[in-house]
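Heads up: the protein sequence lines correspond to chains A and B, in order.
End of the first sequence sits at 139 in my numbering; the numbers just go up one at a time, nothing left out.
End of the second sequence sits at 278 in my numbering; the numbers just go up one at a time, nothing left out.
We put the beta carbon where it would ideally sit given N, CA and C, even for glycine.
Read the structure below first, then the notes.
2 protein chains.
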Amino acid sequence: MNAGFLLDPRLSADTRPVARLDLCEARLMDDARFAWLVLVPQRAGLVEVADLTPSERTLLWHEVDRAGAALQAVATCDKLNLGALGNVVRQLHVHVVARREGDAAWPGPVWGSGAAVPYDPTARDMLVERLREALQSPR
Amino acid sequence: MNAGFLLDPRLSADTRPVARLDLCEARLMDDARFAWLVLVPQRAGLVEVADLTPSERTLLWHEVDRAGAALQAVATCDKLNLGALGNVVRQLHVHVVARREGDAAWPGPVWGSGAAVPYDPTARDMLVERLREALQSPR
């Protein structure tokens with residue numbers, strides 16, 4: 001199913017694993033300023049969403065919906081932000097970010113908005129666990 | 140179908156109409172620095188993608204794919220950027236942007252990256268026409 005898939009080392013370094021969904025690996029951005037998931041379709045060689053098959057695209061956006069709902073369940077969220085940029089890391093990945101009015105980048109985008117503030121490891125592990133549970137709860 | 144739908148006046152002021160698709164109105168951002176479409180689902184009261192029905196969500200992402208293909212057909216595009224933010228204008232809208240290496244915001248995001256540079260009206264009208272044709276061509 002995911003022959004040849006390797007997570008880009010920059011994505012790997014910036015994030016922590018949360019859950020493997022049907023298509024995507026869901027990972028938490030290690031930046032305590034924002035509750036921020038990154039979804040990476042577990043297929044080799046993807047750059048654009050259009051590189052997925054139509055049924056995989058449907059699955060991708062369904063998993064983005066699930067990620068948004070999980071963030072809303074465990075974090076304060078005034079607005080979800082979705083983004084697929086890939087200007088630096090070309091491996092296809094979708095950002096799903098819970099934004100709070102007045103957060104460190106508000107109302108601008110999180111991308112390119114200063115340096116990440118790594119989580120305290122205990123707080124991060126608790127958040128990962130809560131997100132994992134929320135992602136796997138019935139929908 | 141779109142009872143009560145009114146385009147947010149800030150989106151209206153920043154963009155020019157290109158085409159009405161099945162769900163979305165496709166509009167060109169009036170910023171000559173980037174080939175940039177904004178898709179606005181023609182439904183009243185939407186804020187998050189999750190506010191759409193499941194079938195409307197499928198249609199939204201299909202139209203985002205169409206918009207990306209249209210931009211790739213008429214503009215130089217090294218990478219598509221997709222975004223749904225809505226931190227300032229809450230009416231649900233999805234950005235589809237053709238990015239070029241070395242463009243005015245590269246490799247950062249286009250959102251919040253300086254002031255728009257309005258198109259020359261003739262060039263803008265030509266681009267709108269080419270995008271309209273590309274959006275309506277068989278896929």
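Handout entry: Best match in A:Val88, A:Pro121 and A:Leu80 for proximity to Ala244 (chain B) [C-alpha to C-alpha]
Key = Nearest C-alpha to Ala244 (chain B): A:Val88.
Exercise for the section: List the residues of chain A whose Cβ lies closer than 7 angstroms to the Cβ of Leu224 (chain B), in chain order. Expected result: Contact annotation for Leu224 (chain B) against chain A: Asn81 and Pro109 [CB-CB distance below 7 angstroms, chain order].
Exercise for the section: Return the CA-CA distance between Ala70 (chain A) and Leu131 (chain A), expressed in angstroms with no decimal places. Expected result: Going from the Cα of Ala70 (chain A) to the Cα of Leu131 (chain A) covers about 6 angstroms.
Exercise for the section: Please classify Trp175 (chain B): does DSSP put it in a helix, a strand, or coil? Expected result: Looking at Trp175 (chain B) - three-state DSSP - the assignment turns out to be strand.
Handout entry: Reference Ala19 (chain A), options A:Trp61, A:Arg27 and A:Gly86, closest by Cα
Key = Nearest Cα to Ala19 (chain A) within the set A:Trp61, A:Arg27 and A:Gly86: A:Arg27.
Handout entry: Local conformation of Ala26 (chain A) per DSSP, three classes
Key = Ala26 (chain A): strand per DSSP, three-state reduction.
Problem - Three-state secondary structure (DSSP) of Pro54 (chain A) - result: The three-state reading of DSSP puts Pro54 (chain A) in helix, counting H, G and I together.
Exercise for the section: Under 8 angstroms between beta-carbons, which chain A residues line up against Asp204 (chain B)? List them in chain order, please. Expected result: Neighbours of Asp204 (chain B) in chain A, taken as residues whose beta carbon is under 8 angstroms from its own, are Val49, Ala50 and Arg57 in chain order.
Handout entry: Residues near Leu23 (chain A) by beta carbon distance below 7 angstroms, same chain, minus five either side
Key = Result list for Leu23 (chain A): Pro41, Gln42, Glu56, Leu59, Leu60 and Glu63, in chain order.
Exercise for the section: State buried or exposed for Val117 (chain A), treating a residue as buried only when at least 16 other CB atoms are found within 10 Å of its CB. Expected result: Val117 (chain A) comes out exposed.
Handout entry: Test item: CB-CB of Val96 (chain A) and Leu82 (chain A) under 7 angstroms
Key = Against a cut-off of 7 angstroms, the Cβ pair of Leu82 (chain A) and Val96 (chain A) comes out as a contact.
Exercise for the section: Please confirm if Trp175 (chain B) has its CB atom under 7 angstroms from at least one CB of chain A. Expected result: Taking CB atoms only, Trp175 (chain B) has no neighbour in chain A less than 7 angstroms away.
Handout entry: Option in A:Ser137, A:Asp125, A:Leu135 and A:Ala115 with minimal Cα separation from Arg33 (chain A)
Key = Looking only at A:Ser137, A:Asp125, A:Leu135 and A:Ala115, the smallest Cα-Cα distance to Arg33 (chain A) is reached by A:Ala115.
Problem - Val151 (chain A) versus A:Arg124, A:Arg10 and A:Asn2, residue with shortest Cα-Cα distance - result: Here chain A comprises residues numbered 1 to 139, so residue 151 (chain A) is not present and cannot be evaluated.
Problem - Top-ranked residue by Cα proximity to Val49 (chain A), from A:Thr76, A:Glu25, A:His93 and A:Thr15 - result: The option with the nearest alpha carbon to Val49 (chain A) is A:His93.
Practice task
Answer with buried or exposed for Pro156 (chain B), where buried requires no fewer than 16 other C-beta atoms within 10 angstroms of its C-beta.
Solution key: Looking at its Cβ environment, which holds fewer than 16 other Cβ atoms inside 10 Å, Pro156 (chain B) is exposed.
Exercise for the section: Give the straight-line distance between the Cα atoms of Leu135 (chain A) and Val128 (chain A), rounded to the nearest whole angstrom. Expected result: Using only the alpha carbons, I get a separation of about 10 angstroms.
Problem - Cβ shell of Gly143 (chain B) (< 8 angstroms), same chain only, five flanking positions each side left out - result: Cβ-Cβ distances below 8 angstroms link Gly143 (chain B) to Ala183 and Gly184 in the same chain, with the five nearest sequence neighbours on each side left out; the list follows chain order.
Exercise for the section: Leaving aside the five residues before and after Thr154 (chain B) along the sequence, list all residues of the same chain whose C-beta is less than 8 angstroms from its C-beta, in chain order. Expected result: Short of 8 angstroms from the beta carbon of Thr154 (chain B), and not among the five residues preceding or following it, lie these beta carbons of its own chain, in chain order: Arg166, Leu167, Met168, Asp169 and Val177.
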